[in-house]
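Sequence order for the protein chains is A, B and C.
Residues in the first sequence are numbered from 1 upward in steps of one, following my numbering.
Residues in the second sequence are numbered from 666 upward in steps of one, following my numbering.
Residues in the third sequence are numbered from 804 upward in steps of one, following my numbering.
Yeah, the Cβ is synthetic: ideal placement off N, Cα and C, and Gly gets one too.
Input: a single structure, listed below in structure tokens.
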Amino acid sequence: MIPELGHLALIIALCLAAAQSFFGLGGAQRGNLIWMNAVRPAAVGQSFFVMLAFGALAYAFLTNDFSVAYVAANSNIALPWVYKFTAVWGAHEGSLLLWVFVLAIWTVAVAHFSRHLPQDFSSRVLGVLGIISIGFLLFMLTTSDPFGRLLPPAAQGADLNPILQDPGMAIHPPMLYMGYVGMSVAFAFAVAALLSGRMDVMWARWSRPWTLVAWLFLTCGITFGSWWSYYVLGWGGFWFWDPVENASFMPWLVATALVHSLAVTEKRGAFKSWTALLAIAAFSLSLLGTFLVRSGILISVHAFASDPRRGIFILAMLGVFVGVALFLYAWRAPTFSQRGGGFKIFSRETFLLLNNVFLVVAAAAVLLGTLYPLVLGALKIGQISVGPPYFDHIFVPLMLPFFVLIGIGPYVRWKHGSVTEVLSKLRIPAALALWAGVVMIVLLRAEVSFIATAGVLLAAWTIFSALQEPLQRLWQRLHHRHVSLPRSVFGMSIAHLGAGLMILGVTVNTMLGITIDRVMKPGSSVAVHGYQFTFQGVHAVSGPNYRAVQGAFAVTRAGKKVALIYPEKRQFRHDVTTTNAAIAAGPFRDLYVALGNPLGQDSWSVRIEYKPLVRFIWLGGLTMMLGGFIATLDKRYRQVRVPATVDVSAPPKDADTDLAKAPER
Amino acid sequence: MRTWVLIGACLLLMVTHVVWAIDSEPPFSDPILEYRYEHLLQVIRCLQCMDENIANSDAPLAADFRRQIHAMVAEGRSEQQIKQYMVNRYGDFVLYDPPLQTSTWLLWTGPFLLLGIAILVVILVVRRRARMDEEREI
Amino acid sequence: MRRRLFFILPMLVLLALMGFFWRGLYLNPTIVSSPLIGKPVPDFSLSRLHNPKATFDQNQLKGQISLVNVWATWCVACRDEQQTLLAFSQQKVVPIYGFDYKDDRQSALQWLAERGNPYAAVAFDPIGNVAINWGVYGAPETFLIDAHGIIRFKYIGPITPKVIRTDFLPRIQALRREGT
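Take a look at the structure:
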């Protein structure tokens, strides 16, 4: 009964989504107030029914309703209840429902927080979101119904894929989807602005906080995904440039560019059409990711032949959503005023443009590398693999100049900057960064390559230059001077600090990390970077729904005990095994042990890794997130109502958020 | 995110549960050979697992590849020879590091071409804006 | 007008990508085509499954058109194609040679005894070294070898009657017409 209600709720949601987009877009077009008044109730109702459907599926999982085919395929009586819940999004149909559920959350949020916007504008935004809902609801109802029944019901269900039975499953997909789907809001704002033909500064100001929040969720999702794949998926790697990882990285890069470009458009009224294009691109790449993951086109997880309708449906959806948006763009954007004022060559505007150049080229490089094998295949030219070596080769030269600029940009004034002023402000960070580079070379001597030195130097540069301004203002405040540090500026400094920490972690870990594969017998030991790893043997353990072989390793350093760690090889039903590495984590280094294969006579192949500063990678991600969060709290975004008389084409007056501006004394 | 890939890998019809890996080769005493071996494991793809290199895969095929490569490194073959050996049998698909050839020319140069074009556009835009700025001041 | 073109560019990029995606949907990226097609069978020498003392090498594959089927007892999909291969072997169109891949001799012999043996002879490769020379990356895989011992075609995945009809028989007939 409940599953049928869930199915019905999806159908009702589809009808309401149709109403939402019809009244939203139609009402705004005809200026019909009654229609526009109907948009919010329709949007909220649509979201309510989607959430109801989600609840129905979750209920089916938690009550072991194995008469539902999807539940039977992805759950099991023995599964711990938390994983029964996360199993809701454990496979295609349910994760699609999660997608729509997250869209519903965003829709409700937009419906609620858009009341102060002009009604025709907010109606259009909700109308566009409604269209996206229609697309995904139709997709689910026609090709991927999660509520289909199984006759006769299964006795106890297959199981959730063991790899997914991990706490990461509770955080990573929902956060990632919040980010992906959040890009639809920036997209909807851009399309609404294109539709209304009123692409102005206010549009940028309105969409900025939404973009920022979506960006920080995306950052969170990717960071957690990276962490998860590091600790659970066997041999360990925080990033492998896999097509699916790239599918989340591309929207992130473009969203990061968008966050910066919105700043220019909001403050200076410049580059409106470029900003709109980025907003469209960020969501398009999210959709592209959905397509790549679910169609089997690149990684061929599921043989496509099983259900050709899915890939075709998403492709059609991608074509319609993005195609219409880009058509509108080609039609309307050339007519936008190119006003917005000039600026000198050495100015904040130039630096933000360069930021966009590097981020967008980086995104394009990822896109090229990800799709190139597909294009060659489609043209029947050959089959190639594009993997980490390629992306490393391409990314390092792109990122080196980028991280030089990231330290300078925030200190350059809008419109016309002064080279001498910037130089005097950045003296200290530059000196500290050079010092860090020299220390690195002296300490490690022959071991360091040029790239490692450059990476550490740039990371130090980014970190110190990001800290300089907040610390300076804090210092002044301690000396009882009235100095303000707007939250958006503070947030930016923190986010840049996070980028620096991440680069530091990636560089040091890549360059100085040690990996050793050994055959070990109980009692034998291996020394890695001063740490002594002693294998104490294996014993069997059992979990709620698996059996495992657990190894024990004692780690000592200079005779002193450091840690006792237990890597596992878990065996689930159907002979699926997972390799769960054991990690002795520390702020400055991780010691990582994974059990390979038994080789007979008690000996095992073992992988031991020393990973310096690996935690900085995720610490950096979290710090970036925190920066984004602080920036969204900026008081400018909390103004409730725009006075009807405001001249929306004029740049905002509160330009006091300018970091380059000398602190008042 | 890798997870979604791995789910699929498990569904592949050729996956087997029997573990045959015999990674019992001794490490190389010569650090150059050890480096060559480790590096090759990073760039050679395990075809059975769809998207893992053979250093990270515990699929049986990856273990076979490792054993074969270990033997060839021990014979003193160069990295290029070993890569060619694999390519002769499995095609370019087996390398994560696609060789520079006619069909991959755009892949390797594309990002930098694009960067060049983008920087050119920025220069044009910035110069125009700088002129706008001067005009306004006048 | 030139300015307009600039704004149309993103749409053109989208259209091009859509075209590639459309084509890509009908390709299976898990099937890696072999560079050995058109090349002679690599030199090898393996013991025979039924008679460990006898060897099986590339010379056995010369003189007539034949199939070489890579299989193993651990391979689930091989179970599916077993019946098809049996039926095809009884038609005596071409001999089918087995290539027992990374397997255990005892269980392989038992499997053939229980399920029927479609193979004219079976080469036994317990560690998979020879398989690497053949470019094998899983089981089942099936090679079509012409009378000169040249690999002409490779099919990846389980053989079904449809695969025999559409992929193998036309090629075998073409080879016969060629007179090889």
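Taking 8 Å as the cut-off, the beta carbon of A325/A is found closer than this to the beta carbon of V191/A. Within 8 Å of the CB of S768/B, the CB atoms of chain A belong to L376, I381, G382, I384, in sequence order along the chain. Per DSSP, the unbroken beta strand (DSSP E) holding N872/C starts and ends at 869-874. Rounded to whole angstroms, the gap between the alpha carbons of W241/A and P209/A is 30 Å. A buried status is given to A452/A, since no fewer than 16 other beta-carbon atoms sit within 10 Å of its beta-carbon. Here L698/B carries a helix assignment [DSSP, helix/strand/coil].
In chain order, M814 make up the part of chain C whose C-beta sits under 8 Å from the C-beta of F327/A.
Contacts with chain C at 8 Å (Cβ-Cβ) do not include S286/A.
In terms of Cβ geometry, G500/A and A459/A form a close pair [threshold 8 Å]. Taking each of L705/B, E703/B, P725/B in turn and checking the Cα distance to L712/B, the smallest one comes out for P725/B. Interface annotation, G127/A: not in contact with chain C, CB-CB separation never under 8 Å. Proximity of the segment 597-609 of chain A to the segment 618-625 of chain A falls short of the contact definition, fewer than three beta-carbon pairs being nearer than 8 Å. Taken through DSSP and simplified to helix, strand or coil, D798/B comes out as helix. Residue environment: I834/C is assigned as exposed (fewer than 16 neighbouring CB atoms within 10 Å of its CB, all protein chains considered). The beta-carbon of D729/B is placed less than 8 Å from the nearest beta-carbon of chain C. Listed along chain C, the residues sitting closer than 8 Å to I312/A by beta-carbon distance are L828.
Between L160/A and Y83/A the beta-carbon gap is near 6 Å, inside 8 Å, which marks them as a contact. The criterion of a C-beta distance shorter than 8 Å is satisfied by F351/A and G409/A. Annotation for G596/A: no alpha helix (DSSP H) segment contains it, though the beta strand (DSSP E) segment containing it runs 589-598.
Contact check for Y900/C and L870/C: beta-carbon distance about 7 Å, within the 8 Å limit, so the pair qualifies. Per DSSP, Y761/B is not a residue of any beta strand (DSSP E), being assigned neither H nor E.
Rounded to whole angstroms, Q550/A and F823/C show a C-alpha spacing of 47 Å.
The C-beta of N753/B comes closer than 8 Å to at least one C-beta of chain C. Within chain A, the residues whose beta carbon sits less than 7 Å from that of F758/B are Q383, I384, S385, listed in sequence order. With a cutoff of 8 Å on beta-carbon distance, R40/A and A111/A are scored as near each other.
In the DSSP assignment, A552/A falls outside any alpha helix (DSSP H) and within the unbroken beta strand (DSSP E) covering 547-557. Ranked by Cα distance from V102/A, the first of W35/A, L218/A, F61/A is L218/A. In this structure, DSSP gives K344/A a state outside helix and strand, which the three-state scheme calls coil.
Within chain C, the residues whose beta carbon sits less than 8 Å from that of G319/A are L817, M821, listed in sequence order. A Cβ-Cβ separation of about 5 Å places A378/A in contact with G827/C under the 8 Å criterion.
In the DSSP assignment, T335/A falls outside any alpha helix (DSSP H), carrying neither H nor E. R974/C and Q745/B have their C-alpha atoms spaced approximately 36 Å apart. Annotation: Cβ neighbours of V322/A in chain C (cutoff 8 Å, chain order): L817. Interface criterion not met: the Cβ of S910/C is under 8 Å from no Cβ in chain B. Around the beta carbon of Q46/A, 16 or more other beta carbons sit within 10 angstroms, so the residue counts as buried.
For R807/C, the neighbours in chain A by C-beta distance under 9 Å run, in chain order, A330, P334.
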